[in-house]
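Going by full-length UniProt numbering, the residue at position 44 of the sequence shown is 44; the numbering climbs one at a time, nothing skipped. For glycine and all other residues, C-beta sits at the position ideal for the given N, C-alpha and C. Have a look at the structure below, then the notes.
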Amino acid sequence: MINFRDQLYAFPQTSNAERYDPVFNGWSTLDLCAYSAMVTVVRGQIYAIKVDSSTEQSTISRYNVEQCSWETVLTSHQGCRKESCVVTAGNHLYVFGGKPAQALQYVAKLKDSTLSKRNGRKSQTCNKQEAVLVLISNAIKLTSFASEDDLPQSPRKGLETRAIVACGAKYTFCYLPEKDEWKRLPDGLTEKNYDTQIINVRDQLYAFPETSNAERYDPVCNGWSKCANMCANSAMVSVVRGQIYAIELNTSTKQSTISRYNVALCSWETVLTSHQGCRVESCVVTAGNHLYVFGGKPPQASEYVAKAERFDTLENKWEEIADMQQARGCACGVATQGKIFVAGGRKENIFLPQTCEMYNVSTNEWQFIGSLNDFRAFGRMEFAEFQRSPSDLQPLRC
(Lines of atoms letter the chains of each structure in order from A and count residues from 1; the text may use other names and numbers.)
(Lines give C-alpha, C1' and ligand atoms only; values in the text may rest on other atoms or scores of the structure.)
Protein backbone atom coordinates (compact mmCIF):
# COMPACT_ATOMS: atom_id res chain seq x y z
CA MET A 1 0.00 0.00 0.00
CA ILE A 2 1.30 3.45 -0.94
CA ASN A 3 0.26 7.09 -0.54
CA PHE A 4 0.15 8.82 -3.90
CA ARG A 5 -1.28 12.31 -4.51
CA ASP A 6 -3.05 12.23 -1.12
CA GLN A 7 -4.78 8.94 -1.90
CA LEU A 8 -4.08 5.37 -0.83
CA TYR A 9 -3.29 2.71 -3.46
CA ALA A 10 -3.48 -0.95 -2.49
CA PHE A 11 -1.72 -3.45 -4.77
CA PRO A 12 -2.92 -7.05 -4.33
CA GLN A 13 -0.46 -9.75 -5.41
CA THR A 14 -2.26 -10.86 -8.57
CA SER A 15 -5.16 -8.49 -9.25
CA ASN A 16 -5.69 -4.83 -10.13
CA ALA A 17 -4.94 -2.11 -7.63
CA GLU A 18 -7.57 -0.35 -5.56
CA ARG A 19 -7.63 3.34 -4.66
CA TYR A 20 -9.01 4.93 -1.50
CA ASP A 21 -10.16 8.55 -1.86
CA PRO A 22 -10.39 10.31 1.55
CA VAL A 23 -12.59 13.03 0.05
CA PHE A 24 -15.38 10.56 -0.72
CA ASN A 25 -14.34 7.95 1.82
CA GLY A 26 -14.49 5.03 -0.59
CA TRP A 27 -12.48 2.50 -2.64
CA SER A 28 -12.47 2.00 -6.41
CA THR A 29 -10.74 -0.55 -8.67
CA LEU A 30 -8.12 0.66 -11.16
CA ASP A 31 -6.72 -0.73 -14.39
CA LEU A 32 -3.29 -0.93 -12.75
CA CYS A 33 -1.48 -4.05 -11.58
CA ALA A 34 1.97 -4.55 -10.03
CA TYR A 35 1.63 -8.33 -9.53
CA SER A 36 4.11 -9.47 -6.88
CA ALA A 37 6.44 -6.45 -7.20
CA MET A 38 7.22 -4.20 -4.23
CA VAL A 39 5.73 -0.76 -4.93
CA THR A 40 6.73 2.61 -3.52
CA VAL A 41 6.82 6.34 -4.38
CA VAL A 42 9.96 8.42 -5.03
CA ARG A 43 9.69 12.14 -5.73
CA GLY A 44 6.11 11.87 -6.91
CA GLN A 45 6.69 8.85 -9.17
CA ILE A 46 5.59 5.26 -8.62
CA TYR A 47 8.38 2.64 -8.68
CA ALA A 48 8.23 -1.16 -8.45
CA ILE A 49 10.92 -3.72 -7.62
CA LYS A 50 10.20 -7.16 -9.04
CA VAL A 51 12.28 -10.17 -8.00
CA ASP A 52 12.89 -13.06 -10.41
CA SER A 53 14.04 -16.06 -8.35
CA SER A 54 14.90 -18.16 -11.38
CA THR A 55 17.41 -15.66 -12.79
CA GLU A 56 18.27 -14.22 -9.37
CA GLN A 57 17.71 -10.73 -10.73
CA SER A 58 15.65 -7.72 -9.66
CA THR A 59 13.94 -5.32 -12.07
CA ILE A 60 13.26 -1.67 -11.20
CA SER A 61 10.25 -0.27 -13.07
CA ARG A 62 8.69 3.18 -13.13
CA TYR A 63 5.02 3.85 -13.87
CA ASN A 64 4.52 6.02 -16.96
CA VAL A 65 1.46 8.17 -16.38
CA GLU A 66 0.98 9.22 -20.01
CA GLN A 67 1.29 5.67 -21.37
CA CYS A 68 -0.49 4.09 -18.39
CA SER A 69 2.12 1.34 -18.29
CA TRP A 70 5.29 0.25 -16.49
CA GLU A 71 8.67 1.00 -18.06
CA THR A 72 11.85 -0.85 -17.11
CA VAL A 73 14.58 1.25 -15.50
CA LEU A 74 17.20 -1.37 -14.61
CA THR A 75 17.60 -5.14 -14.32
CA SER A 76 20.48 -6.46 -12.17
CA HIS A 77 21.47 -9.01 -9.53
CA GLN A 78 21.40 -6.39 -6.76
CA GLY A 79 18.42 -6.01 -4.48
CA CYS A 80 17.21 -9.47 -5.44
CA ARG A 81 15.81 -10.65 -2.10
CA LYS A 82 12.31 -11.82 -1.31
CA GLU A 83 10.35 -10.47 1.66
CA SER A 84 12.76 -7.58 2.13
CA CYS A 85 11.92 -4.17 3.57
CA VAL A 86 11.79 -1.34 1.03
CA VAL A 87 12.03 2.27 2.26
CA THR A 88 12.01 5.52 0.29
CA ALA A 89 14.16 8.48 1.35
CA GLY A 90 15.21 11.38 -0.85
CA ASN A 91 16.05 10.10 -4.33
CA HIS A 92 16.73 6.54 -3.15
CA LEU A 93 15.02 3.20 -2.77
CA TYR A 94 16.49 1.34 0.22
CA VAL A 95 16.23 -2.47 0.41
CA PHE A 96 16.82 -4.03 3.84
CA GLY A 97 17.10 -7.68 4.79
CA GLY A 98 14.99 -10.32 3.13
CA LYS A 99 15.85 -13.73 1.73
CA PRO A 100 18.11 -14.20 -1.33
CA ALA A 101 16.76 -16.31 -4.16
CA GLN A 102 17.04 -20.06 -3.47
CA ALA A 103 18.15 -19.30 0.14
CA LEU A 104 16.42 -20.59 3.27
CA GLN A 105 17.52 -17.95 5.76
CA TYR A 106 16.93 -14.23 6.00
CA VAL A 107 19.88 -11.80 5.92
CA ALA A 108 20.65 -8.41 7.41
CA LYS A 109 22.02 -7.04 4.15
CA LEU A 110 21.92 -3.26 3.83
CA LYS A 111 22.95 -1.81 0.47
CA ASP A 112 23.18 1.96 0.24
CA SER A 113 25.70 3.90 -1.86
CA THR A 114 24.81 7.17 -0.14
CA LEU A 115 25.68 5.77 3.28
CA SER A 116 28.89 4.28 1.88
CA LYS A 117 30.20 7.67 0.80
CA ARG A 118 29.11 9.33 4.00
CA ASN A 119 30.76 6.73 6.26
CA GLY A 120 33.87 6.31 4.13
CA ARG A 121 33.41 2.57 3.70
CA LYS A 122 31.51 0.12 1.54
CA SER A 123 28.12 -1.23 2.53
CA GLN A 124 28.52 -4.29 4.65
CA THR A 125 26.57 -7.08 6.22
CA CYS A 126 25.68 -6.27 9.82
CA ASN A 127 23.77 -7.99 12.55
CA LYS A 128 20.05 -7.53 12.97
CA GLN A 129 20.27 -4.95 15.76
CA GLU A 130 22.78 -2.79 13.85
CA ALA A 131 20.65 -2.91 10.72
CA VAL A 132 17.60 -1.67 12.61
CA LEU A 133 19.61 1.19 14.18
CA VAL A 134 21.04 2.21 10.81
CA LEU A 135 17.58 2.07 9.25
CA ILE A 136 16.03 4.29 11.93
CA SER A 137 18.84 6.84 12.26
CA ASN A 138 19.44 7.35 8.56
CA ALA A 139 15.76 7.34 7.68
CA ILE A 140 15.33 10.22 10.15
CA LYS A 141 18.28 12.11 8.64
CA LEU A 142 17.16 11.65 5.06
CA THR A 143 13.46 12.24 5.53
CA SER A 144 14.13 15.38 7.54
CA PHE A 145 15.05 17.22 4.34
CA ALA A 146 12.95 15.23 1.89
CA SER A 147 9.56 16.73 2.70
CA GLU A 148 7.46 17.96 -0.20
CA ASP A 149 7.97 21.59 0.87
CA ASP A 150 11.77 21.23 0.58
CA LEU A 151 11.77 19.65 -2.87
CA PRO A 152 12.86 21.80 -5.84
CA GLN A 153 9.50 20.90 -7.34
CA SER A 154 6.78 19.16 -5.38
CA PRO A 155 5.49 15.79 -6.71
CA ARG A 156 2.06 17.31 -7.32
CA LYS A 157 3.52 20.28 -9.21
CA GLY A 158 5.77 17.96 -11.18
CA LEU A 159 2.75 16.05 -12.47
CA GLU A 160 0.67 19.13 -13.26
CA THR A 161 -0.32 19.76 -16.86
CA ARG A 162 -2.86 22.47 -17.53
CA ALA A 163 -5.65 21.16 -19.72
CA ILE A 164 -9.22 21.88 -20.74
CA VAL A 165 -11.44 18.78 -20.87
CA ALA A 166 -14.46 18.41 -23.16
CA CYS A 167 -16.99 15.57 -22.81
CA GLY A 168 -19.81 14.46 -25.06
CA ALA A 169 -21.66 11.13 -25.24
CA LYS A 170 -18.98 8.73 -23.93
CA TYR A 171 -16.13 10.61 -25.58
CA THR A 172 -13.56 12.61 -23.57
CA PHE A 173 -11.01 14.98 -25.08
CA CYS A 174 -8.49 17.30 -23.46
CA TYR A 175 -6.92 20.41 -24.91
CA LEU A 176 -3.37 21.35 -23.91
CA PRO A 177 -3.04 25.15 -24.28
CA GLU A 178 0.74 25.16 -23.95
CA LYS A 179 1.08 22.71 -26.86
CA ASP A 180 -2.04 23.83 -28.74
CA GLU A 181 -3.20 20.26 -29.32
CA TRP A 182 -6.13 17.99 -28.56
CA LYS A 183 -5.80 14.49 -27.14
CA ARG A 184 -8.43 11.82 -26.74
CA LEU A 185 -8.83 10.35 -23.26
CA PRO A 186 -10.49 7.04 -22.30
CA ASP A 187 -14.24 6.89 -22.86
CA GLY A 188 -16.55 7.48 -19.92
CA LEU A 189 -18.78 4.82 -18.38
CA THR A 190 -22.05 6.53 -19.29
CA GLU A 191 -23.10 8.99 -21.97
CA LYS A 192 -22.91 12.68 -21.12
CA ASN A 193 -25.12 15.48 -22.46
CA TYR A 194 -25.81 19.13 -21.59
CA ASP A 195 -27.45 18.03 -18.32
CA THR A 196 -24.19 16.42 -17.14
CA GLN A 197 -22.17 18.61 -14.79
CA ILE A 198 -18.38 18.30 -14.52
CA ILE A 199 -16.26 19.70 -11.69
CA ASN A 200 -12.59 19.53 -10.70
CA VAL A 201 -11.87 18.29 -7.16
CA ARG A 202 -8.36 17.50 -5.93
CA ASP A 203 -6.98 17.27 -9.47
CA GLN A 204 -9.65 14.79 -10.55
CA LEU A 205 -12.74 15.27 -12.71
CA TYR A 206 -16.18 14.35 -11.40
CA ALA A 207 -19.09 14.02 -13.83
CA PHE A 208 -22.61 14.20 -12.38
CA PRO A 209 -25.32 12.81 -14.69
CA GLU A 210 -28.81 14.07 -13.97
CA THR A 211 -30.17 10.89 -12.38
CA SER A 212 -27.33 8.40 -11.74
CA ASN A 213 -24.18 8.19 -9.61
CA ALA A 214 -21.20 10.35 -10.41
CA GLU A 215 -18.14 9.19 -12.38
CA ARG A 216 -14.55 10.12 -11.56
CA TYR A 217 -11.64 10.52 -13.99
CA ASP A 218 -8.17 10.06 -12.51
CA PRO A 219 -5.42 11.57 -14.73
CA VAL A 220 -2.77 9.47 -12.95
CA CYS A 221 -4.38 6.16 -13.92
CA ASN A 222 -6.02 7.66 -17.02
CA GLY A 223 -9.40 6.04 -16.43
CA TRP A 224 -12.97 6.54 -15.24
CA SER A 225 -14.59 4.84 -12.26
CA LYS A 226 -18.04 4.93 -10.65
CA CYS A 227 -18.54 6.82 -7.37
CA ALA A 228 -20.92 4.71 -5.32
CA ASN A 229 -23.60 6.49 -3.31
CA MET A 230 -22.75 9.88 -4.79
CA CYS A 231 -25.58 11.39 -6.77
CA ALA A 232 -26.61 15.04 -7.13
CA ASN A 233 -29.81 14.32 -9.06
CA SER A 234 -30.78 17.56 -10.83
CA ALA A 235 -28.97 19.87 -8.38
CA MET A 236 -26.38 22.37 -9.67
CA VAL A 237 -22.95 21.28 -8.40
CA SER A 238 -19.91 23.44 -7.76
CA VAL A 239 -16.70 23.58 -5.69
CA VAL A 240 -15.94 26.28 -3.10
CA ARG A 241 -12.58 26.23 -1.32
CA GLY A 242 -12.17 22.50 -1.91
CA GLN A 243 -15.68 21.56 -0.75
CA ILE A 244 -18.48 20.34 -3.01
CA TYR A 245 -21.73 22.29 -2.86
CA ALA A 246 -25.06 21.65 -4.57
CA ILE A 247 -28.06 23.93 -5.19
CA GLU A 248 -31.27 21.95 -5.50
CA LEU A 249 -34.50 23.60 -6.66
CA ASN A 250 -38.02 22.73 -5.58
CA THR A 251 -40.32 24.42 -8.09
CA SER A 252 -43.48 23.40 -6.20
CA THR A 253 -42.44 25.19 -2.99
CA LYS A 254 -40.38 27.82 -4.87
CA GLN A 255 -37.40 27.15 -2.63
CA SER A 256 -33.71 26.40 -3.13
CA THR A 257 -31.65 24.13 -0.87
CA ILE A 258 -27.90 24.56 -0.46
CA SER A 259 -26.16 21.28 0.45
CA ARG A 260 -22.52 20.47 1.20
CA TYR A 261 -20.96 17.04 0.70
CA ASN A 262 -19.88 15.50 4.01
CA VAL A 263 -16.74 13.46 3.39
CA ALA A 264 -16.84 11.58 6.70
CA LEU A 265 -20.47 10.46 6.27
CA CYS A 266 -20.36 10.11 2.46
CA SER A 267 -23.60 12.03 2.16
CA TRP A 268 -25.06 15.47 1.51
CA GLU A 269 -25.89 17.72 4.47
CA THR A 270 -28.34 20.61 4.20
CA VAL A 271 -26.85 24.06 4.79
CA LEU A 272 -29.83 26.34 4.07
CA THR A 273 -33.28 26.20 2.52
CA SER A 274 -34.83 29.49 1.38
CA HIS A 275 -36.74 31.22 -1.42
CA GLN A 276 -33.58 32.89 -2.73
CA GLY A 277 -31.64 31.49 -5.64
CA CYS A 278 -34.62 29.46 -6.82
CA ARG A 279 -34.44 29.88 -10.61
CA VAL A 280 -34.20 27.14 -13.22
CA GLU A 281 -31.57 27.26 -15.97
CA SER A 282 -29.52 29.85 -14.07
CA CYS A 283 -25.75 30.26 -14.32
CA VAL A 284 -23.78 29.26 -11.19
CA VAL A 285 -20.21 30.54 -10.75
CA THR A 286 -17.79 30.11 -7.84
CA ALA A 287 -15.59 32.99 -6.72
CA GLY A 288 -13.81 33.20 -3.36
CA ASN A 289 -16.13 32.01 -0.59
CA HIS A 290 -19.29 32.63 -2.63
CA LEU A 291 -21.66 30.83 -4.97
CA TYR A 292 -23.02 33.29 -7.53
CA VAL A 293 -26.36 32.67 -9.25
CA PHE A 294 -27.08 34.68 -12.40
CA GLY A 295 -30.27 34.89 -14.44
CA GLY A 296 -32.52 31.93 -15.00
CA LYS A 297 -36.27 31.56 -14.83
CA PRO A 298 -38.32 31.71 -11.58
CA PRO A 299 -40.66 28.74 -10.98
CA GLN A 300 -43.87 28.88 -13.04
CA ALA A 301 -42.51 31.93 -14.90
CA SER A 302 -42.26 32.09 -18.69
CA GLU A 303 -39.48 34.64 -19.03
CA TYR A 304 -35.83 34.73 -18.00
CA VAL A 305 -34.64 37.43 -15.61
CA ALA A 306 -31.48 39.48 -15.05
CA LYS A 307 -31.49 38.74 -11.31
CA ALA A 308 -28.10 38.19 -9.65
CA GLU A 309 -27.29 37.11 -6.08
CA ARG A 310 -24.66 35.19 -4.18
CA PHE A 311 -24.46 32.72 -1.28
CA ASP A 312 -21.80 33.21 1.38
CA THR A 313 -20.48 29.75 2.36
CA LEU A 314 -18.82 31.12 5.51
CA GLU A 315 -21.85 32.97 6.87
CA ASN A 316 -24.34 30.54 5.27
CA LYS A 317 -26.58 33.31 3.96
CA TRP A 318 -27.71 34.86 0.66
CA GLU A 319 -26.65 38.35 -0.37
CA GLU A 320 -28.17 40.69 -2.97
CA ILE A 321 -25.86 42.07 -5.69
CA ALA A 322 -26.40 44.22 -8.78
CA ASP A 323 -28.53 42.62 -11.49
CA MET A 324 -27.11 41.85 -14.92
CA GLN A 325 -27.75 44.29 -17.77
CA GLN A 326 -29.61 41.70 -19.81
CA ALA A 327 -31.99 38.94 -18.82
CA ARG A 328 -30.73 35.50 -19.78
CA GLY A 329 -30.91 31.81 -18.95
CA CYS A 330 -28.77 28.79 -19.84
CA ALA A 331 -25.70 31.05 -19.87
CA CYS A 332 -22.14 30.07 -18.99
CA GLY A 333 -19.71 31.90 -16.72
CA VAL A 334 -16.28 31.91 -15.14
CA ALA A 335 -14.48 33.92 -12.44
CA THR A 336 -10.88 35.17 -12.43
CA GLN A 337 -8.94 37.99 -10.76
CA GLY A 338 -11.92 39.65 -9.11
CA LYS A 339 -14.03 39.58 -12.28
CA ILE A 340 -16.91 37.29 -13.32
CA PHE A 341 -17.70 36.79 -17.01
CA VAL A 342 -21.16 35.64 -18.15
CA ALA A 343 -21.79 34.85 -21.80
CA GLY A 344 -24.49 33.70 -24.21
CA GLY A 345 -27.61 31.88 -23.13
CA ARG A 346 -31.24 32.26 -24.04
CA LYS A 347 -34.02 34.80 -23.72
CA GLU A 348 -37.62 33.58 -24.00
CA ASN A 349 -36.40 30.37 -25.66
CA ILE A 350 -34.54 32.39 -28.31
CA PHE A 351 -30.76 32.42 -28.49
CA LEU A 352 -29.16 35.69 -27.45
CA PRO A 353 -27.09 37.69 -29.97
CA GLN A 354 -23.76 36.49 -28.53
CA THR A 355 -23.68 39.15 -25.80
CA CYS A 356 -21.25 38.91 -22.85
CA GLU A 357 -21.12 40.78 -19.54
CA MET A 358 -18.42 41.28 -16.93
CA TYR A 359 -19.14 41.72 -13.21
CA ASN A 360 -16.63 43.55 -11.01
CA VAL A 361 -16.77 41.96 -7.55
CA SER A 362 -15.15 44.92 -5.75
CA THR A 363 -17.37 47.64 -7.31
CA ASN A 364 -20.57 45.56 -7.69
CA GLU A 365 -20.99 46.77 -11.28
CA TRP A 366 -21.73 45.14 -14.64
CA GLN A 367 -20.56 46.13 -18.10
CA PHE A 368 -20.87 44.67 -21.59
CA ILE A 369 -17.70 43.31 -23.18
CA GLY A 370 -16.86 41.79 -26.58
CA SER A 371 -19.51 39.43 -27.93
CA LEU A 372 -19.14 35.75 -28.80
CA ASN A 373 -18.59 34.71 -32.42
CA ASP A 374 -21.59 32.38 -32.32
CA PHE A 375 -24.76 31.69 -30.32
CA ARG A 376 -24.10 29.68 -27.16
CA ALA A 377 -26.38 28.04 -24.60
CA PHE A 378 -25.88 25.21 -22.07
CA GLY A 379 -22.15 25.74 -22.52
CA ARG A 380 -19.15 25.90 -20.21
CA MET A 381 -16.55 28.63 -19.86
CA GLU A 382 -12.99 28.19 -18.54
CA PHE A 383 -10.16 30.64 -17.96
CA ALA A 384 -6.70 29.93 -19.40
CA GLU A 385 -3.59 32.02 -20.03
CA PHE A 386 -2.11 31.59 -23.51
CA GLN A 387 1.41 32.36 -24.65
CA ARG A 388 0.23 32.76 -28.22
CA SER A 389 -2.58 34.56 -29.99
CA PRO A 390 -6.02 32.90 -29.61
CA SER A 391 -6.35 33.15 -33.42
CA ASP A 392 -3.51 30.62 -33.73
CA LEU A 393 -5.30 27.97 -31.67
CA GLN A 394 -6.79 24.92 -33.35
CA PRO A 395 -10.47 23.89 -32.99
CA LEU A 396 -11.59 20.43 -31.96
CA ARG A 397 -12.29 18.14 -34.91
CA CYS A 398 -13.90 14.77 -34.24
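Simplified DSSP state of residue i, which is helix, strand or coil
i: residue 13; result: coil
i: residue 259; result: strand
i: residue 381; result: coil
i: residue 265; result: coil
i: residue 77; result: coil
i: residue 210; result: coil
i: residue 326; result: coil
i: residue 310; result: strand
i: residue 321; result: coil
i: residue 120; result: With a pLDDT of only 42 at residue 120, under 50, the local geometry of the prediction cannot be trusted, and the value read off the model is given with reservation. Coil, per DSSP.
i: residue 252; result: coil
i: residue 82; result: strand
i: residue 71; result: strand
i: residue 3; result: strand
i: residue 298; result: coil
i: residue 333; result: strand
i: residue 292; result: strand
i: residue 216; result: strand
i: residue 230; result: coil
i: residue 36; result: coil
i: residue 200; result: strand
i: residue 186; result: coil
i: residue 348; result: coil
i: residue 88; result: strand
i: residue 44; result: coil
i: residue 244; result: strand
CB of residue i within 8 Å of CB of residue j, strictly
i: residue 65; j: residue 201; result: no
i: residue 294; j: residue 282; result: yes
i: residue 232; j: residue 167; result: no
i: residue 361; j: residue 313; result: no
i: residue 215; j: residue 190; result: yes
i: residue 276; j: residue 318; result: yes
i: residue 364; j: residue 322; result: yes
i: residue 357; j: residue 342; result: yes
i: residue 32; j: residue 10; result: no
i: residue 222; j: residue 185; result: yes
i: residue 39; j: residue 88; result: no
i: residue 78; j: residue 63; result: no
i: residue 306; j: residue 325; result: yes
i: residue 287; j: residue 340; result: yes
i: residue 273; j: residue 255; result: yes
i: residue 5; j: residue 203; result: yes
i: residue 329; j: residue 304; result: yes
i: residue 260; j: residue 290; result: no
Endpoints, the beta strand (DSSP E) within which residue i is located
i: residue 174; result: 171-176
i: residue 92; result: 92-96
i: residue 225; result: 223-226
i: residue 167; result: 164-168
i: residue 58; result: 57-64
i: residue 21; result: 18-21
i: residue 367; result: 365-369
i: residue 278; result: Element bounds for residue 278: n/a, residue is neither H nor E.
i: residue 285; result: 283-287
i: residue 304; result: Premise fails: residue 304 is in no beta strand (DSSP E) and is neither H nor E.
i: residue 179; result: Where residue 179 is concerned, there is no enclosing beta strand (DSSP E), given that its DSSP letter is neither H nor E.
i: residue 399; result: Since the displayed the chain opens at 1 and closes at 398, residue 399 lies outside it and no answer follows.
i: residue 235; result: Per DSSP, residue 235 belongs to no beta strand (DSSP E) and is neither H nor E.
i: residue 409; result: Because the chain spans 1 through 398 in this model, residue 409 falls outside it and cannot be assessed.
i: residue 53; result: Run containing residue 53: none; DSSP gives neither H nor E here.
i: residue 26; result: 26-29
i: residue 339; result: 339-343
Whole-number beta carbon distance between residue j and residue i, since they are thought to touch under 8 Å
i: residue 163; j: residue 175; result: 6 Å
i: residue 8; j: residue 20; result: 4 Å
i: residue 61; j: residue 71; result: 6 Å
i: residue 257; j: residue 299; result: About 14 Å separates the two Cβ atoms, so there is no contact after all.
i: residue 237; j: residue 197; result: 5 Å
i: residue 375; j: residue 354; result: 6 Å
Check: residue i C-beta below 7 Å from any heavy atom of the ligand SAM
i: residue 314; result: This structure lacks the ligand SAM; in fact it carries no ligand of any kind.
May I ask you to verify whether the stretch 41-61 touches the stretch 87-95, counting CB pairs closer than 8 Å and requiring at least 3? Yes, the stretch 41-61 touches the stretch 87-95.
Touching or not, the stretch 270-287 and the stretch 243-254, by the rule of three or more beta carbon pairs under 8 Å? Yes: the two stretches touch, three or more of their Cβ pairs being nearer than 8 Å.
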